Ligand SMILES: [Zn+2]
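Residue numbers (our numbering): 751 to 1009.
If you want it as structure tokens, here you go:
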């Protein structure tokens, strides 16, 4: 049946000699794989509607199982700043992989689609991608069945003098119970506050934030460890992000040495 739907392109994979498989997160039908004949040829009419991390209106045939098909597209949002900024693009790619991993294919999830759409819009508009990614990573944990206890000490329930995070208990520790986890994260009080805040707020409540590179490093280490060890996923986009930041750091160092 011919359907009209909205979708964000997740990725494209070459298939056979000239064809492609395109995964699209559709608002109406969830994440679906589309077969597009001849997409690898230069002047394919759907090419401009099948750029990863852009949003379009589509017309096509939706199949509940197996591959679906596209007939036409109309551009809704190209997220130009994401397309042109390698850092934003790398964050957006990681985010899209994480979103994709958090849903079952072919099952409608408008709430997640809208959140993903809002996340890309926000990435497109804001200077720094890191706070947006952190917020999304924390929010998506629930979808993998994990609930972090950020408000009250996991041992005594107190909300006073919260001083660290415990990976074993997946929650915070108060001053009196730091000894309950010998491998606690040793976060600074500012880092604890950042985690508590980001775990609480919604995307549209995210204002200007000033977080040091060091704090981002520490918090990233914590969040990615949870995803590796508790959720059990390590995404390609993560290694790419790491490489990108490593190169940027090296450039900074060599620039400073040149002065
Ligand atoms: Zn306690």
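We put the beta carbon where it would ideally sit given N, CA and C, even for glycine.
As the structure is a computational prediction, the values presented were derived from the model and not from experiment.
Fill in: Straight-line Cα distance separating residue 987 from residue 763
16 Å
Worksheet entry | Limits of the unbroken beta strand (DSSP E) element including residue 910 | Careful: residue 910 lies outside any beta strand (DSSP E) and carries neither H nor E.
Worksheet item: What did DSSP end up calling residue 960 once you bin it into helix, strand or coil?
Response: coil
Practice prompt. Kindly indicate which residue of 776, 838, 850 and 758 has the alpha-carbon position closest to the one of residue 985.
Written response: The option with the nearest alpha carbon to residue 985 is 850.
Fill in: Cβ neighbour criterion (16 or more within 10 Å) applied to residue 1001
exposed
Worksheet entry | Contact set for residue 888: own chain, Cβ-Cβ below 6 Å, skip 5 residues either direction | 948 and 949
Practice prompt. Consult DSSP for residue 759 and reduce its assignment to one of helix, strand or coil.
Written response: strand
Discussion item. Quick check: is any heavy atom of ligand 1 less than 7 Å from the C-beta of residue 908?
Written reply: yes
Worksheet item: Between residue 903 and the rest of its own chain, which residues show a CB-CB distance below 7 Å, the 5 nearest in sequence each way excluded?
Response: 912, 922, 923, 924 and 927
Discussion item. Taking the straight line between their C-alpha atoms, what separation do you get for residue 968 and residue 884?
Written reply: 12 Å
Worksheet item: Are residue 826 and residue 839 close, meaning C-beta to C-beta below 8 Å?
Response: The answer is no: Cβ separation not under 8 Å.
Worksheet item: Cβ atoms of residue 755 and residue 777: under 8 Å apart, would you say?
Response: yes
Worksheet item: Whose C-beta lies closer than 7 Å to the C-beta of residue 819 among residues of the same chain, with five residues either side of it excluded?
Response: 784, 785, 810 and 811
Discussion item. Using a Cβ-based criterion (distance less than 7 Å to any ligand heavy atom), does residue 942 qualify as near ligand 1?
Written reply: no
Fill in: Helix, strand or coil at residue 804 [DSSP, three-state]
coil
Worksheet item: Would you call the CB atoms of residue 951 and residue 886 closer than 8 Å?
Response: It is not a contact, given that the beta carbons lie outside the stated cut-off.
Discussion item. Taking 7 Å as the cut-off, is the beta-carbon of residue 898 closer than that to any non-hydrogen atom of ligand 1?
Written reply: no
Item to complete: Can you grab the Cα-Cα spacing for the pair residue 868 / residue 979, in whole Å?
Response: Roughly 28 Å separates the two Cα atoms.
Fill in: Distance between beta carbons of residue 803 and residue 829, contact taken as under 8 Å
So it is a contact: roughly 6 Å between Cβ atoms.
Fill in: the stretch 853-866 in contact with the stretch 990-1000 per 3-pair CB rule at 8 Å
Touching, no.
Worksheet item: What do you reckon, are the CB atoms on residue 915 and residue 942 nearer than 8 Å?
Response: yes
Fill in: DSSP-derived helix/strand/coil call for residue 823
strand
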